[in-house]
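See structure below.
Residue numbers (mature numbering (1 follows the signal peptide of the UniProt record, and there is no 0)): -20 to -1, 1 to 495.
Listed below in structure tokens is the structure:
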């Protein structure tokens, strides 16, 4: 319920904001690139963005005669005012807005990474991202010892249940006491009445017929008969003690069985105490690629990295606006912000920044388009907005028969329902808000590919899905990119003479001047 209330609360907070980081521009449209979450399926998104970079350049060369580039691409940071990302989309978004720190090329190439770099990371370094926790040998031994101790105790209880007869022991003890008393009575050292009293008091302790026969022999027999009975009692006791000793064998077997099970099961038990993957892999890659670049240093006018603060149950949109307004919580490195946005529950531990416990933004907005639209409208004070949103692939939920629905059906469908409801609702709202300026590119997949499906076969399937999406939506992708290029490049004086019908000069300068 708290998650459902998040969106209207966020909208209200942004709507009440009295400050804007970027002054409203009544001329050029504010362009947003929104990138979905989806783990390794971000390969699909990266393929589409890679195509956008290439096509934007091809179009700008033909239409506006921009200077030829060796890269044959235009970066997304040159075209878009805001790049937004959730989870794996935040990692791609961050890569796209990192400034080029190479002094040999940064005067001509503003961005450090192209989408192709993200594709390489997904295809080559996925095993490093999805690194499982390693259990130490010491931890395993301690665990096995604890489980073995439990096995010994269980074996002891089972053995005692199988081979220990407390009532039999009591009857043997009573018979031995009676023999002693009877022998003394026969020898005249003890009162006969006392012997009969002892015999009567122990009659209820006998559990077997032969013990009852022994009782009669002891009570009425001669001294030799009593001594023979004593020998029988001794033999019965020895047989019982031999049988009783088997409980220790059962205990040892129990300990051994539990030790073997402990050795086999300890890795699985260990994993239950941890998230599926160690954060160190993704942290190393993020630090290596993004360094110490802060939110405020992103190439674009604005950036939105979506995360969720678990303890306060509040969304966290890391942006230039929020960094300026509340630096304590939001003025962080892009590396940390993207790690927080991609800390998927169960898969990774939360990302802790200061006193904030941050988890994957996908729990509130796997498709960040609507959040970035609201942020642009209320925080950045933009009225003319265009959004290009790229998904990571989806699977259609199975239809249900309302006449034959039951708890099992709901149990099987509820996970997919909750996940898809948020995405489809945001998609629907965006189409209502921007019917002509919202472009959504999403691929329906026939394969069930998990967020961590990084086997070579799965990688190839994802690359193919990306290529298929480009083919299926090529006209719309080109149309959307042409609109953005026309806004940004067409508004600059130096490119107007190349166009046969120059457009009116846009009053707002683009965030980065194209070379």
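Just so you know, even glycine gets a beta-carbon here, dropped at the ideal spot from N, CA and C.
May I ask which residues mark the beginning and end of the beta strand (DSSP E) holding residue i?
i           : result
residue 287 : 282 to 289
residue 46  : Per DSSP, residue 46 belongs to no beta strand (DSSP E) and is neither H nor E.
residue 336 : 336 to 340
residue 358 : Taken as a continuous stretch (DSSP letters only), residue 358 belongs to no beta strand (DSSP E), as it is neither H nor E.
residue 365 : 365 to 370
residue 14  : 10 to 15
residue 66  : 62 to 66
Please report the straight-line C-alpha distance between residue i and residue j, rounded to a whole angstrom.
i           : j           : result
residue 418 : residue 89  : 29 Å
residue 265 : residue 108 : 8 Å
residue 468 : residue 59  : 6 Å
residue 297 : residue 52  : 33 Å
residue 3   : residue 436 : Annotation note: pLDDT 46 at residue 3 (below 50); position unreliable, coordinate value reported separately. Rounded to the nearest angstrom, the two C-alpha atoms are 47 Å apart.
residue 50  : residue 121 : 58 Å
residue 499 : residue 317 : For the chain, the structure presents residues -20 to 495; residue 499 sits outside this window and is missing.
residue 187 : residue 216 : Reliability fails at residue 187, whose pLDDT of 49 lies under 50, so the model's placement of it is uncertain and no value is given.
residue 447 : residue 27  : 7 Å
residue 35  : residue 357 : 28 Å
residue 73  : residue 391 : 35 Å
residue 286 : residue 47  : 36 Å
residue 142 : residue 376 : 57 Å
residue 10  : residue 322 : 26 Å
residue 102 : residue 8   : 35 Å
residue 499 : residue 150 : In this structure the chain extends from -20 to 495, so residue 499 is not present and cannot be described.
residue 77  : residue 61  : 11 Å
residue 138 : residue 227 : 8 Å
residue 218 : residue 211 : 11 Å
So, under 8 Å CB-CB, residue i and residue j are touching, yes? Tell me the CB distance rounded to an integer number of Å.
i           : j           : result
residue 324 : residue 14  : So it is not a contact: roughly 19 Å between Cβ atoms.
residue 95  : residue 279 : That pair is no contact at about 14 Å.
residue 261 : residue 17  : Actually they do not touch by this definition, with Cβ atoms about 18 Å apart.
residue 305 : residue 369 : Residue 305 to residue 369, Cβ: 26 Å. No contact.
residue 237 : residue 63  : Contact doesn't hold; Cβ gap of about 58 Å is too wide.
residue 414 : residue 365 : 7 Å
residue 441 : residue 432 : Wrong, their Cβ atoms sit about 14 Å apart, outside the cutoff.
residue 367 : residue 12  : 5 Å
residue 270 : residue 315 : 4 Å
residue 255 : residue 327 : 6 Å
residue 20  : residue 434 : 5 Å
Nearest CA to the CA of residue i: which residue from the options?
i           : options               : result
residue 429 : 410, 300, 372 and 313 : 372
residue 272 : 338, 312 and 423      : 312
residue 112 : 251, 413 and 376      : 251
residue 131 : 150, 240, 257 and 446 : 240
residue 425 : 443, 26 and 274       : 443
residue 97  : 19, 23 and 231        : 23
residue 337 : 431, 292 and 456      : 292
residue 231 : 287, 242, 128 and 147 : 128
residue 288 : 345, 308, 233 and 301 : 345
residue 290 : 277, 458, 258 and 331 : 331
residue 163 : 204, 147 and 445      : 204
residue 246 : 361, 220, 126 and 452 : 126
residue 295 : 355, 242 and 257      : 355
Could you spell out where the alpha helix (DSSP H) holding residue i opens and where it closes?
i           : result
residue 247 : 226 to 252
residue 448 : 436 to 452
residue 305 : 300 to 305
residue 267 : 259 to 270
residue 131 : 117 to 143
residue 153 : 146 to 166
residue 97  : 95 to 104
residue 320 : 314 to 321
residue 379 : Premise fails: residue 379 is in no alpha helix (DSSP H) and is neither H nor E.
residue 496 : This structure cannot settle anything about residue 496, because the visible part of the chain is limited to -20 through 495.
Answer with buried or exposed for residue i, where buried requires no fewer than 16 other C-beta atoms within 10 angstroms of its C-beta.
i           : result
residue 71  : buried
residue 334 : exposed
residue 5   : Because residue 5 carries a pLDDT of 48, less than 50, the predicted location of this residue cannot be relied on, and the following value inherits that uncertainty. Counting Cβ neighbours within 10 Å, residue 5 comes out buried, since at least 16 surround it.
residue 116 : exposed
residue 44  : buried
residue 348 : buried
residue 388 : exposed
residue 84  : exposed
residue 202 : exposed
residue 501 : For residue 501 there is no data in the structure shown, the boundaries of the chain being -20 and 495.
residue 135 : buried
residue 380 : exposed
residue 422 : buried
residue 214 : exposed
residue 146 : exposed
residue 114 : exposed
residue 259 : buried
residue 360 : buried
residue 244 : exposed
With a threshold of 7 Å, establish whether the CB of residue i neighbours any heavy atom of the ligand NAD.
i           : result
residue 136 : What this structure holds is no ligand at all, so the ligand NAD is not there to describe.
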